[in-house]
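S.K.:
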Amino acid sequence: MNSQQQNYEALVRAFTPDLYRYAYWLCRSAQTAEDLVQETLLRAWKNISQLQEVQAARAWLFTILRHENARRFERKQFDYADVEQNSLTDVTAPSPEHAVATDRLHRLLFQLPLEYREPIVLQLLVGMTGEEIARLLELNLNTVNTRLFRARAQLRAQLQDNATDGVPLHG
Amino acid sequence: MDKLALRRALYTDPKQINVQQLADDSTLLQLRQELLRMDQQLTDTLQVPVPDTLTERMLLAQRLEQPVKRRIRLPYYAVAASVLLASLWFAQLSQTPDADAGQQALAHVYHEMAALDSRAELPAEQVNELFAELGIDVGAISLPVRYARFCHFGGVRSLHLVLDWQGEAVTLFVIPPGWAHASDKPLQFADARFVGQSIQKAGHQLVLVAQRAELLQATMDRLGNTLKFTI
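As you go down the protein sequences, you meet chains A and B in turn.
Start counting at 1 in the first sequence, then tack on 328, and there's your number in our numbering.
Start counting at 1 in the second sequence, then tack on 4, and there's your number in our numbering.
#1: At least one CB of chain A closer than 9 Å to the CB of residue 156/B: is that the case?
#2: Within 10 angstroms of its Cβ, does residue 466/A collect 16 or more other Cβ (buried), or is it exposed?
#3: State the start and end residues of the unbroken alpha helix (DSSP H) segment that holds residue 198/B.
#4: Just to confirm my understanding: we take residue 40/B, look at its own chain, exclude 5 residues before and 5 after, and list those with CB closer than 8 Å. What are they?
#5: Please report the residue range of the beta strand (DSSP E) in which residue 169/B lies.
#6: Taking 9 Å as the CB-CB cut-off, is residue 61/B touching chain A?
#7: Could you name the residues of chain B that residue 434/A contacts, counting a contact when the two beta carbons are closer than 7 Å?
#8: For residue 161/B, I'd like the list of residues in its chain whose CB is within less than 6 Å of its CB, leaving aside the five on either flank, ordered along the chain.
#9: Whose C-beta lies closer than 6 Å to the C-beta of residue 175/B among residues of the same chain, with five residues either side of it excluded?
#10: By how many angstroms is the C-alpha of residue 387/A removed from the C-alpha of residue 452/A?
#11: If you draw a straight line from the alpha carbon of residue 150/B to that of residue 109/B, how long is it in whole angstroms?
#12: What residues from chain B crowd round residue 481/A, counting only those whose CB sits closer than 8 Å?
#13: I want to know whether the region 25 to 41 of chain B touches the region 49 to 65 of chain B - three or more CB-CB distances under 8 Å.
#14: Under 7 Å, CB to CB, which of the residues in the region 463 to 479 of chain A have a partner in chain B?
#15: Does the beta carbon of residue 489/A come closer than 9 Å to any beta carbon on chain B?
#16: Excluding five sequence neighbours on each side, which residues of the same chain lie with their C-beta closer than 8 Å to the C-beta of residue 468/A?
#17: Going by the C-beta, is residue 378/A closer than 8 Å to any heavy atom of the ligand COA?
#18: Show which residues of chain B have a CB atom less than 8 Å away from the CB atom of residue 344/A.
#19: Relative to the C-alpha of residue 394/A, which residue among 384/A, 383/A, 431/A, 355/A is closest?
#20: Give the straight-line distance between the Cα atoms of residue 193/B and residue 366/A, rounded to the nearest whole angstrom.
#21: What do you get for residue 5/B, buried or exposed, if any count of 16 or more other CB atoms within 10 angstroms of its CB means buried?
#22: Going by other Cβ atoms of all chains shown within 10 Å of its Cβ, with 16 needed for buried, is residue 357/A buried or exposed?
#23: Could one say the Cβ of residue 448/A lies closer than 9 Å to chain B's Cβ atoms, at least one of them?
#24: Measure the C-alpha to C-alpha separation of residue 99/B and residue 136/B and round it to an integer number of angstroms.
#25: Tell me the rounded alpha-carbon separation between residue 195/B and residue 216/B.
#26: With a threshold of 9 Å between beta-carbons, can residue 442/A be considered close to chain B, or not?
#27: Which of the three DSSP states, helix, strand or coil, is assigned to residue 435/A?
And the structure:
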C-alpha cells in the first residue's frame with residue numbers, strides 16, 4: 329500500500345465518527361449523514377494531494393463536508409439511493425429521527441436554527457475554538473460568538489420552561 | 005471585564021471563564037455552573053451512535069471508487085473481509101489490459117444486487133432530470149425504470165438504472181464521454197449468471213446487463229428509438 333493510501337486510511341479512521349455526527353446534526357437525518365460523509369471522503373481522496381499538513385486535515389474535511397451539504401441542496405436531487413425505499417424523499421422534510429426524538433435535549437437541538445446549531449455543535453462536539461469555527465463558517469469571530477451566545481441562551485431558556493412545566497429534567 | 009461582558013462570555017463558552025474572575029458575584033457563579041452542566045448534557049447528547057461498520061464502508065467505497073450503501077447488518081470481520089476481497093478483485097481488474105465495460109458493469113451489478121429487486125416504478129420526470137444532467141434528452145423513455153442513481157463507473161460519474169422489460173430486470177449504465185476505456189466497437193460479455201452488451205452512442209457508452217440475451221437486443225432496440233443525445 330503506498331503512503332498516500334495509508335495516509336488517507338488513517339484520516340478516514342480518525343475522522344469518520346466526528347464527520348458523521350457533525351453531518352447528522354447538520355442535516356438531521358442519519359441516512360443523509362452517511363451519504364454526506366461518503367461523498368466527503370470520496371472527494372477528499374480525489375483531492376488528497378491538496379492536503380499539505382496533517383494538522384490541517386480536520387478543518388479541510390469539515391470544509392469539504394459543508395460544501396457537499398450545500399451541493400446537496402443545489403442539485404435538488406431526489407434521493408434514489410436507498411433501493412428499499414421506493415417512495416421519493418424530500419430532503420427538506422423533517423427526518424424520521426426528528427419525529428421520534430424523545431430525548432428532550434435532542435429535540436431542542438434539532439429545533440435550534442441551523443445558524444445557531446452549527447457553531448455549538450462545532451464547539452462542543454468537535455472541540456473547535458471560536459477562531460476555527462469562524463474560519464470554517466467564513467464568518468467573523470464576533471458573529472460566531474453571538475451565535476454561540478444565542479444558542480446557549482435559547483437552550484437554557486427552553487430547559488427552564490420545561491422544568492417549570494413539570495417535565496422532569498433528563499439525565 | 006464588566007458583569008455584562010462576563011455574562012456574555014459565559015454564554016459564549018463557560019469553560020473560558022474561571023471561577024476567580026467571578027469571585028464576587030454569586031449570580032454569575034451560579035450561571036457558570038448551570039451552563040457547564042448544560043454543556044455536559046449537550047455534549048453527551050451530541051455524541052450520537054455512529055452506525056456499525058461505517059468506517060469500513062467508507063474505506064470500501066474508496067477502494068471501489070463508488071458509494072457503498074448499507075443493505076444488511078454485517079459484522080465487523082465480514083466487512084473487513086469484503087474490503088480485502090474487493091481490493092484484490094479490483095486490483096486484478098486494474099492490472100488487466102482492458103478493464104473494459106463488461107468487467108466494470110458486472111462488478112457494479114454484483115455490488116448492487118439489491119437494485120434488481122426494486123419494484124416500484126419511478127416517475128418519468130425524475131428519471132428525465134437525471135438523464136438531463138448527463139446532457140441526454142430521454143423524451144419518453146418507453147420502459148419502466150425501477151431504480152436510478154448516479155454511480156462512479158471506472159471513475160466517471162455515470163447513471164445506473166434498472167429497467168423493467170415485462171417483469172424482468174435489465175440493468176443499464178450510461179457513461180458520459182471521457183471514460184478511458186470507452187470504445188466505439190460493440191462489445192458482448194457474459195459470466196455464469198449475466199450477459200451483457202456495450203455500444204457507443206454520441207460519445208456515450210451504453211452498457212446493458214441482463215440474465216437472458218434476448219432481453220438485451222429487445223431493450224437496446226427500444227432505447228435506440230427513444231434516447232436522444234444533446235452534444
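We put the beta carbon where it would ideally sit given N, CA and C, even for glycine.
M.R.: Here's the rundown:
#1: yes
#2: exposed
#3: That residue, residue 198/B, is in no alpha helix (DSSP H); it is neither H nor E in DSSP.
#4: 18, 19
#5: 160 to 169
#6: yes
#7: 49
#8: 154
#9: 113, 166, 213
#10: 15 Å
#11: 18 Å
#12: 15
#13: no
#14: 473, 476, 477
#15: no
#16: 462
#17: Although the ligand COA was asked about, the structure shown includes no ligands whatsoever.
#18: 54, 58, 59, 62
#19: 355/A
#20: 31 Å
#21: exposed
#22: buried
#23: yes
#24: For residue 99/B, the predicted structure reports a pLDDT of 41, less than 50, and the residue's modelled location is therefore unreliable. A value from the coordinates is still provided. Whole-angstrom Cα-Cα distance: 34 Å.
#25: 11 Å
#26: no
#27: helix
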